[in-house]
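Sequential numbering from 1 applies to the sequence shown in the numbering used here.
All residues carry an ideal CB built from backbone N, CA and C; glycine is no exception.
First up is the structure itself, then whatever we jot down about it.
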Amino acid sequence: MMRNILQFGSRTTLLYIAVLVVVVGLVASYAVVSGPHSPQIQSEEGVLDLTEDHISKNPLKLQGEWAFYWQELLSPENIRSRMEKVGQADRYINIPGSWLGYPLDGQELKGEGFATFRLVIELSRQDRNERLALRLPSIFHSYKLWVNGELLAEVGVVGPDKSSVKPQLATKLVFFQPENDTVELVMQVANFHHKRGGITKYIELGGSNLLTVRTNLKVATDMFITAGLLVIGLYNLLLFVLRRKDKAPLYFGLFTVLFGIRSLLNGELMITQLLPHFPWELQFKIEYLILCLSGYIITMYFECIFPNYVSWWFRLGTRIATGALCLLVVMTPALIYSKMLLVIGVIVVLHMVYLMVGLAQAAMRRIEGALIFLLVSVVTLITVINDFLYYNEWSLIGNTAPFGLLVFTIAQMILLSSRFTRTATNEERIARELQEANNKLTEMNTNLERIVMERTHALSAAHQDLRTSYERLLHSEQGRKKLLAYITHDLRMPLSSMLGYVEAVKDMVKPERNEQYLNYIRDNTIRINRMIEELSYLSHLETGQVAYQMESIHPIHFLRGFFEQYELVVRDAGLHFILDVGNTEDQGPDLPVVEIDAQKLEQALFNLVSNAMKFTSTGGMVRLALAMDKAQDTHCAIISVQDSGTGIPPEQLEQIFDRNYRYNRSGIENEIEGSGLGLAICREIVQAHGGSVRAESNGKTGAIFYVSLPLYSRSRKVTA
């Protein structure tokens with residue numbers, strides 16, 4: 001459909017319009033999400049008033065001012081004692097947000113340090129007797145949480161210095177029962193291993209059931225995205241292992257596998273849920289290494305899909321930058337390389353922007369797949385930029401990169417599939433062009449035969465023997481060519497399939513299936529041998545190399561003999577075989593006769609009966625009938641073969657007698673094997689008798705085949 005759209009109008013104009021629509025749509029979405037929808041409930045001076053809200057039914061993200069005790073690790077008892085002496089706290093900090101840059105005594109705080117946070121929540125009357133829950137995000141980088149004086153959560157080890165702190169990242173869901181109309185939250189947080197410290201993400205408060213459902217949905221979403229990326233990546237890596245010539249699946253598979261692993265380290269932190277003791281430092285290094293490698297891998301993938309669009313200096317620059325960043329991440333602690341997040345983001349964005357310029361050029365040059373690649377790259381770029389802004393606390397939208405990467409991955413799968421499809425289509429086009437060329441050559445050959453025949457007839461009687469020998473040789477050559485063409489056309493696929501199974505047995509791909517493969521090769525060999533015989537016979541029929549021994553015979557006698565000969569064959573197949581000659585016997589001894597080669601016409605009728613048996617289920621009916629047609633000037637005997645089988649679609653009735661036609665209708669339980677030559681042979685034999693054959697069917701219940709043969713009077717002299 002996209003190709004049809006691009007066939008009219010300016011390609012460049014459509015490209016710019018498409019990109020503009022995507023950008024405007026995403027900007028509008030960002031504005032809608034980040035803009036103010038309704039008045040937000042915020043805490044002021046460490047107190048959150050929820051007396052007018054029902055949070056057990058409508059969970060709330062905690063935001064606003066919390067009491068802030070810098071460089072102090074206070075328990076609820078310590079805070080209570082201090083408040084009895086001093087009163088309210090004198091410092092407050094907005095949550096969510098890092099204490100990095102917080103003004104204190106005329107200076108801005110650094111990311112390293114420790115502090116205690118406190119929030120008092122005043123509940124409504126409905127929520128006092130409800131079971132509530134707190135959904136805790138990953139907090140940088142160790143913490144303890146008390147609810148109403150009870151320690152409910154502890155991640156990592158909190159301490160006043162780097163040696164006593166053990167960092168860890170995890171999401172948690174804690175439950176509690178309010179004892180009265182207020183809830184006191186006290187949280188100790190320590191960070192000495194990362195550039196940012198504090199509660200940088202939303203803590204969610206609500207009913208236990210609702211928050212449990214939300215948490216499970218988020219976990220399921222992360223698992224879906226992770227599994228999708230990993231499966232797609234491993235599939236493409238397997239494709240590269242099987243076919244190493246094309247490296248696009250290699251880079252695409254590495255890209256999706258790495259970001260599938262990265263999705264385990266973000267969001268709901270599936271890695272810590274699966275492996276609670278997974279090292280924190282290794283977790284961060286893996287995440288940052290994947291970010292550093294992403295730009296280089298996507299550049300190499302782009303180079304495989306659209307060659308000659310990436311300059312040598314850019315390839316060299318990206319290798320140097322990627323190597324330097326990876327070395328920095330491996331050799332330094334997180335406190336140092338986490339400060340390079342913005343630099344890493346800028347490098348990744350520059351990679352994507354450079355590649356998008358190349359994509360725009362490829363799209364304007366009408367390179368297939370470039371426009372789709374460009375559009376999904378715009379979406380991915382904006383989600384990646386949003387994530388870097390989000391992790392630097394400059395964006396209100398959450399983690400969007402997994403979604404953008406999943407969209408990008410699916411689009412690339414479609415692009416790679418289209419490449420394989422395009423290759424197959426080109427092969428079909430070449431085969432069709434070869435067939436057309438062959439038809440033209442056949443037509444030229446036929447015209448040449450006619451000219452040779454006309455000139456040969458003008459020769460003297462002395463050259464009669466030479467002319468006869470030449471005609472026989474010409475017919476033989478035609479039969480050989482047609483037989484060769486038929487064998488080439490019809491036997492290529494089964495022979496290729498057999499070759500594949502032979503190679504599978506030879507290479508021991510699946511030894512447990514070797515017997516099955518050998519049985520398949522044996523059955524296919526028998527089928528090919530039978531097909532060659534039928535192809536040879538059909539080619540002789542088409543080139544007139546078959547001699548007919550004609551004799552005058554009453555059609556009723558011929559039909560009765562045929563019925564008696566094959567009655568047991570049909571009945572043994574579980575079908576009812578019926579002969580219906582109507583009132584043709586009552587027309588007396590002067591009934592006209594037909595001039596036929598009984599053996600060959602019997603073969604043609606048996607092909608029709610055999611065809612009816614194949615497509616008729618056990619218990620069905622095959623009816624053989626005879627009628628006389630003397631309308632106007634036509635005098636012919638009509639033999640019909642009717643079955644109660646699956647029928648033939650009406651649009652295919654004109655094709656079923658073609659040599660290349662194979663009837664394979666969906667809905668049939670068992671595949672019906674056959675060469676597809678029986679009806680073509682039947683038509684050639686009937687036409688050689690001066691008759692015709694046709695079929696009728698409504699496409700649902702059964703089919704009727706009619707064989708019309710000319711009638712002659714008994715006094716007509718029969719010639720062989």
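Between the beta-carbon of P76 and that of R128 there is about 20 Å, and that puts the pair past the 8 Å contact cut. For H557, the secondary structure class from DSSP, reduced to helix, strand or coil, is helix. Just measuring C-alpha positions, the residue of M352, L134, L169 and A411 sitting nearest L210 is L134. In this structure, E602 lies away from F563, with their beta-carbon atoms at least 8 Å apart. G345 has no beta-bridge partner at all, per DSSP. Rounded to the nearest whole angstrom, the C-alpha separation of M356 and L109 is 40 Å. With contacts defined by Cβ atoms closer than 8 Å, V47 and V120 form a contacting pair.
Its chain contains F577 and V622 as the residues whose beta carbon lies nearer than 6 Å to that of V570, once the 5 sequence neighbours on both sides are disregarded; these appear in chain order. Membership of D222 in the alpha helix (DSSP H) is indicated by the continuous run S208 to L242. As DSSP reads the structure, H576 sits in a beta bridge with M621.
For H54, same chain residues with a beta-carbon under 8 Å away, outside a window of 5 residues either side, are S124, Q126 and D127 in chain order. Exclusion of the five residues before and after R683 leaves F657 and V693 as the residues of its chain whose Cβ lies within less than 7 Å of its Cβ. Counting along the chain, V693 sits inside the beta strand (DSSP E) bounded by residues S692 to E696.
A direct Cα-Cα distance of roughly 21 Å separates K600 from K614. DSSP places V707 in the strand class (E or B) of the three-state scheme.
In the DSSP assignment, S640 forms a beta bridge with A625 and Y706. For I199, the closest of L624, S294 and Q188 by C-alpha to C-alpha distance is Q188. For I336, there is no enclosing beta strand (DSSP E); the residue is found in the alpha helix (DSSP H) stretching over A334 to Y337. Shown here for A573: same chain residues with a beta carbon closer than 7 Å to its own, the five before and five after excluded, namely M613 in chain order. P76 sits in a helix when the DSSP states are folded into three classes. A direct Cα-Cα distance of roughly 15 Å separates H689 from A680. Per the C-alpha coordinates, the member of K245, L291, D629 and R315 positioned closest to T299 is R315. Residue state for T116 is assigned as strand, using DSSP reduced to three classes. The three-state reading of DSSP puts G295 in helix, counting H, G and I together. In the structure shown, G582 adopts coil according to DSSP, grouped into three states. Look at F563 here: in three-state DSSP terms it is helix. Within 10 angstroms of the beta-carbon of R513 lie fewer than 16 other beta-carbons, which makes it exposed. Here S163 is exposed, its C-beta having fewer than 16 other C-beta atoms within 10 Å. Y301 places its beta carbon less than 8 Å from that of F252. If you look at T182, you'll find it in the beta strand (DSSP E) that goes T182 to N191. Distance from the CA of L677 to the CA of D246, rounded to the nearest whole angstrom, comes to 41 Å. Across the set P103, V174, V155 and I93, the C-alpha of V174 shows the shortest separation from the C-alpha of L132. Remark: three or more beta-carbon pairs, one from each stretch, lie closer than 8 Å, so the region 591-599 and the region 544-559 are flagged as touching.
A buried status is given to Q642, since no fewer than 16 other beta-carbon atoms sit within 10 Å of its beta-carbon.
Rounded to whole angstroms, the separation of the alpha carbons of H141 and F114 is 10 Å. With a cutoff of 8 Å on beta-carbon distance, P96 and K201 are scored as near each other.
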